[in-house]
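What follows is a single structure, written as C-alpha cells, with notes after it.
Number of protein chains: 2
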Amino acid sequence: MVRGLDPQRTIRELAELRSLTGDADGAQRVAFTPTWSKARAWFRDRLVGLPVETHADAAGNVWTTLAGRSDRAVVIGSHIDSVPNGGWLDGCLGLLAGVEVLRRVAAEHAGRPPVTLRVVDWADEEGARFGKSLFGSAACSGNLDLDEARGLVDRRGVRLPDALREVGIDFERVKESRCERATAAAYLELHIEQGPVLLDLGLPLGAVLGTFGVERHAITFRGQAAHSGSTPMNRRRDAFLAAGKMAQEIYAIAANSGGVCTIGSCTTKPGIVTSVVEECRITLDQRHLDAAALERMHAAAREAAERFAAEGHVEVSWERLWRIPPAPFHPDLVEFADAAVRETCGTAHRLPSGPLHDAAEMAMAGVPTVMLFVQSLHGISHNKIEDTRPEHLALAVRALDRLTEKTMHWVATRGAGA
Amino acid sequence: MVRGLDPQRTIRELAELRSLTGDADGAQRVAFTPTWSKARAWFRDRLVGLPVETHADAAGNVWTTLAGRSDRAVVIGSHIDSVPNGGWLDGCLGLLAGVEVLRRVAAEHAGRPPVTLRVVDWADEEGARFGKSLFGSAACSGNLDLDEARGLVDRRGVRLPDALREVGIDFERVKESRCERATAAAYLELHIEQGPVLLDLGLPLGAVLGTFGVERHAITFRGQAAHSGSTPMNRRRDAFLAAGKMAQEIYAIAANSGGVCTIGSCTTKPGIVTSVVEECRITLDQRHLDAAALERMHAAAREAAERFAAEGHVEVSWERLWRIPPAPFHPDLVEFADAAVRETCGTAHRLPSGPLHDAAEMAMAGVPTVMLFVQSLHGISHNKIEDTRPEHLALAVRALDRLTEKTMHWVATRGAGA
C-alpha cells in the first residue's frame with residue numbers, strides 16, 4: 003500500500019459533497035450558481051491544514067499548489083461543477099482524488115516534493131447553463147473564442163459576462179488565466195468513463211489515448227409540402243424520407259471507420275399528420291480519435307446526404323455547429339497511465355475518450371497530458387443513476403497516485419528544456 | 003350550350019367572394035368566425051330572386067331548396083368555409099357552381115323541376131379551428147361523435163359548444179340535422195382535385211370513385227438516451243434509427259398497394275445533439291380506396307415497426323389517432339359522372355379522392371353519391387397559390403350541370419322505392 007494514501011477518505015468526501023449539493027434528482031452544482039459556490043467553499047475547507055496555496059485565476063479556475071523544489075508543475079485537474087440533475091462522480095471524483103494524492107505527496111515529501119504539484123478545479127466544464135463546455139480550461143489554453151462567448155445567454159436571458167460578474171469574474175480578462183499554464187509540465191485527469199466500454203470488458207480502469215475530434219453539423223433537407231391524401235407517392239418530394247435514409251447510412255459510416263456518429267435530433271415542418279414533410283432538420287455529431295478518419299467520416303456523410311437528396315428530389319444544406327480536432331495524449335504519459343493501471347489492478351486497457359474533457363484543452367495547448375478512466379456502472383452519466391463500484395473508486399485513486407508519482411519523476415528527470 | 007347556364011358568372015362570383023373575404027395571405031373564411039358569417043350572408047344575397055327556400059339546419063348547414071314535383075331530392079353540396087390562408091376555390095367552387103346549376107334548372111323548368119334540387123353549404127368542412135373536419139355533414143349523416151366533439155377547444159381555449167352558441171347553434175341538437183337527409187335521393191359534389199393527378203394527365207376533369215379510407219396512427223419508438231461520444235455504436239438503442247427505417251418501408255408498402263402513406267411529423271427526445279435519441283414519435287397516415295388493401299397496408303406497417311424495433315433493441319407502441327373506412331361512390335352515379343366529363347371535355351378519367359370530403363359522409367349514410375374533380379394547378383391546395391385555369395372552371399360548371407341533369411332523370415325514373 004502506498005504510504006498515507008486513503009482512497010476511502012475520497013469516497014467519504016464524495017458522499018459528503020453529494021449530501022451537501024444534491025437533491026432527489028441528483029447533483030445540482032451547475033457552474034456560476036449558489037450551489038456551485040457552496041461546493042467550492044466546502045472544497046476549500048478540505049484543504050485546511052495542507053501546506054498549499056490556493057487562489058482563483060482570472061477565469062474562475064481554482065488552483066491549489068504544493069510548491070516543490072522545482073516550480074515545474076504536474077497539474078491534476080477536474081471540475082466540481084455538474085449538469086443539472088447530474089451524477090455524484092462526474093468531475094468531483096477527479097478533483098477529490100487529486101487532493102488525496104496531493105495529501106499523500108505532501109506527507110511523503112514533508113511539504114516539499116522535487117517538482118511542484120498542483121490541483122485545478124476548472125470553472126464550468128459542463129457548459130450546462132450557457133451551452134459552452136470547457137469554459138475555464140479553454141480560457142487557460144487560449145482557445146476560448148471571446149466574441150462567441152460574450153454573446154451567450156442562459157434560458158432566462160442572462161448574459162455570460164453578467165453571470166460571471168456576479169461571481170467576481172471579469173469576462174474581458176478571463177484569458178489572463180493563461181499565466182497559470184506557464185509552469186505546467188504535465189496534466190493528469192481521472193474521470194469516470196461515462197460509457198460502457200470498461201463495463202463490457204469487466205475492467206475497473208483504462209488509460210485514455212486522447213479525446214475524439216468532433217464534427218457537428220445541422221443538415222436540412224428541403225422538399226415540398228403536399229397533401230397526404232391527394233399526392234401520389236411518385237410525385238412526392240419528402241424531406242423526412244431523405245433524413246431517414248441518412249440514419250442508416252450514418253451507422254454504416256461509423257461501423258466502417260471506428261468512430262461514432264449520432265443523429266441526436268430531428269424536426270419536421272410543417273410537421274402535421276396530413277402533409278408530406280417539406281423541411282426536415284437533423285443534427286449530426288461525428289467523432290473520431292484520428293483527424294484523417296474524422297474527415298473521411300464527414301466526407302462520407304456529405305456524399306450520402308447529396309445522394310439521398312438527389313434520389314428524393316429534395317435539396318440539402320449543411321451548417322457547421324461546431325468542430326474540434328482530436329486531442330491525442332502524450333505517448334510517454336499514456337505509457338505511464340497504462341503501467342499505473344496494470345500495477346493497480348493487474349490488467350490494462352487503452353481506449354479513446356468520446357466525451358470532451360478539460361484535458362483536451364491542455365493537450366491542445368501543448369501540455370503533455372493523459373487521463374485515466376474508471377468504469378461507469380450502466381455506462382451512464384449525466385444522470386442521478388450514474389455510479390461506480392466503491393472498490394473501483396478506490397482503485398482509481400490508487401492508479402492516479404501511481405500515475406502522479408511516475409509523472410513527477412518524469413518531469414524531474416526530463417529537465418526544464420525537454 | 004346548355005340553356006341558361008353561365009359558368010362565367012360562377013367565376014365572377016368566386017372572384018367577388020375572394021375580394022370580400024380574403025387578404026394578401028389567402029382566403030380567411032374559417033368556420034364560425036365573423037368572416038365566415040360575412041361570406042354566408044353574401045351567399046344568401048346570391049339567391050335573391052330565385053324560386054327557392056333557404057334555411058339553416060340544427061348543425062348550421064344552409065339548405066337551399068328548389069322544390070320539384072317530387073320531394074325526392076338531388077342534393078348538390080360543398081362548403082364556403084376555408085382553412086386560414088386558404089385558396090380561392092376550395093369549397094366555394096362547388097357551392098357556387100351548384101347555385102349556377104340550380105339557376106339553370108329553375109329557369110328551364112319554370113321553377114318546378116320533376117324532382118327537387120337542393121344546394122347545401124356544409125358547416126365547417128375544414129375543421130381548421132377545432133381540428134375536427136366534416137362537422138356539419140357528419141352531424142347530418144349521424145356519424146358525428148358528440149362526446150368527442152363536445153370536448154374540442156380551439157387555440158384560445160374556446161370550446162366548440164360555446165363557439166357554436168355564438169353563431170346560434172345548440173350543440174346538443176346538431177344531430178337533428180339528420181332530418182334534412184330524409185328526402186335525399188342522390189348527392190353530388192364538385193371540388194378541385196387538390197392533387198396533381200389530372201394535371202399530370204393533362205385532363206381538366208375527372209369522375210371520383212370514392213374517398214380513401216384512412217388509418218392514422220402515432221408510432222413511438224423507445225430506446226435509451228446515451229452520450230454521443232462515449233457510447234460505442236454496437237451498444238446503442240437508437241429510437242431515431244428505427245423510425246428512419248420506417249420511412250423507407252412506408253414507401254415500399256405504398257408502392258406495392260396502390261395507396262398512399264405519409265410520415266408527416268417526427269419528434270425526438272431528448273432531442274439534443276450530444277445524445278442518442280431515446281424516444282422518437284412519428285405520425286403515420288395511410289389511405290386506400292379498398293378496405294382490405296388498407297388493412298393490409300396497416301398490418302404491413304405494424305410488422306415493419308416490430309421488425310425495426312427488434313433489430314434496434316428498442317420498443318415500439320402504436321396509438322390510433324383516427325380512422326375512417328373507404329367511402330366508394332355509387333356505381334350508377336360514377337357512370338353518370340364519367341359520361342358528364344366525357345361529354346364536356348372529350349376525355350374521361352376515374353380517380354379516387356385522397357382527401358376527405360363531405361361526400362364521404364353522405365356516401366357512408368347510404369345516400370347514392372358521386373363527385374367531380376377539376377384540375378388543380380401545381381397540384382396545390384390549402385394555400386393562396388391554389389388555382390385552376392378559368393377554362394377548366396367553366397368546364398367544371400358545365401360537367402356538374404350535365405351530371406345533375408342525368409341524376410335528376412335517374413331519380414325521377416327510379417321511383418321512390420329504388
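Line order of the protein sequences matches chains X and W. Heads up: the first sequence runs through residues 3 to 420, numbered per my numbering. Heads up: the second sequence runs through residues 3 to 420, numbered per my numbering. C-beta: ideal position from N, C-alpha, C; glycine also.
Check                                                                                                                         : Outcome
C-alpha distance - Thr346 (chain W) paired with Ala401 (chain W), whole-angstrom precision                                    : 6 Å
CB contact check: His384 (chain X) to chain W, cutoff 9 Å                                                                     : yes
Beta carbon proximity, Ala256 (chain X) to chain W, threshold 9 Å                                                             : yes
Among W:Thr66, W:Phe137, W:Gly368, W:Gln250, the one whose alpha carbon lies nearest that of Ile171 (chain W)                 : W:Phe137
Amino acids of chain C, ordered along the chain, whose beta-carbon sits closer than 8 Å to that of His229 (chain W)           : Although the question refers to chain C, the structure presented lacks it and instead comprises the protein chains X and W.
C-alpha gap between Ile387 (chain W) and Gln226 (chain X), whole angstroms                                                    : 14 Å
C-alpha gap between Asp287 (chain W) and Pro163 (chain X), whole angstroms                                                    : 49 Å
Cβ shell of Ala329 (chain W) (< 6 Å), same chain only, five flanking positions each side left out                             : Gly212, Thr213, Ala362, Ala365, Met366
Closer than 9 Å to chain X by CB, Asp202 (chain W)                                                                            : yes
Contact under 9 Å by Cβ, His229 (chain W) with Pro357 (chain X)                                                               : yes
Whole alpha helix (DSSP H) elements within the segment 219-267 of chain X, 4-residue minimum                                  : 241-259
Contact under 9 Å by Cβ, Ser84 (chain X) with His193 (chain X)                                                                : no
Under 7 Å by beta carbon: chain X residues contacting Ala249 (chain W)                                                        : Phe242, Leu243, Gly246
Cβ of Asp287 (chain W) within 9 Å of any chain X Cβ                                                                           : yes
DSSP state of Phe214 (chain W) mapped onto helix, strand, coil                                                                : coil
Start-to-end residues for the alpha helix (DSSP H) that takes in Ser143 (chain W)                                             : 137-143
Residue-level contact to chain W via CB, Arg74 (chain X), 9 Å cutoff                                                          : no
Inter-stretch contact (C-beta, 8 Å, three-pair minimum) for the segment 191-209 of chain X and the segment 230-249 of chain X : no
Under 8 Å by beta carbon: chain X residues contacting Met235 (chain W)                                                        : Tyr253, Ala256, Ala257, Val262, Cys263
Under 8 Å by beta carbon: chain W residues contacting Leu323 (chain X)                                                        : Val275
Reduced DSSP secondary structure (H/G/I, E/B, other) of Met3 (chain W)                                                        : With a pLDDT of 37 at Met3 (chain W), under the threshold of 50, the predicted position of this residue should be treated as unreliable, though the coordinate-derived value follows. The answer is coil: DSSP assigns Met3 (chain W) none of H, G, I, E or B.
Test: Phe214 (chain W) CB closer than 9 Å to a CB of chain X                                                                  : yes
Chain-ordered neighbours of Arg218 (chain X) on chain W, where CB pairs are closer than 7 Å                                   : Val275
Buried/exposed call for Met3 (chain W), threshold 16 Cβ in 10 Å                                                               : Residue placement at Met3 (chain W) is flagged as unreliable, the pLDDT there being 37, under the threshold of 50; the coordinate-derived value follows with that caveat. Flag for Met3 (chain W) reads exposed.
Minimum Cβ-Cβ distance from Gly266 (chain W) to chain X less than 9 Å                                                         : yes
Residue span of the alpha helix (DSSP H) that contains Trp90 (chain X), given as start and end                                : Element bounds for Trp90 (chain X): n/a, residue is neither H nor E.
For His81 (chain X), the three-state DSSP class (helix, strand or coil)                                                       : coil
Close-in-space but distant-in-sequence residues of the same chain around Trp320 (chain X) (CB under 6 Å, 5 per side omitted)  : His219, Ile221
At least 3 beta-carbon pairs within less than 8 Å: the segment 402-411 of chain X vs the segment 92-103 of chain X            : yes
Unbroken stretches of the alpha helix (DSSP H), 4 residues or longer, contained in the segment 256-342 of chain X             : 293-313
Environment of Pro9 (chain W) [buried if 16+ CB atoms lie within 10 Å]                                                        : buried
Ser84 (chain X) at chain W interface by Cβ criterion, 9 Å                                                                     : no
Under 7 Å by beta carbon: chain W residues contacting Ser232 (chain X)                                                        : Glu195, Gln196, Gly197, Gly356, Pro357
Chain W contact for Val107 (chain X) (CB, 9 Å cutoff)                                                                         : no
Secondary structure of Gln10 (chain W), DSSP reduced to three states                                                          : helix
Start and end residues, alpha helix (DSSP H) containing Phe45 (chain X)                                                       : 36-48
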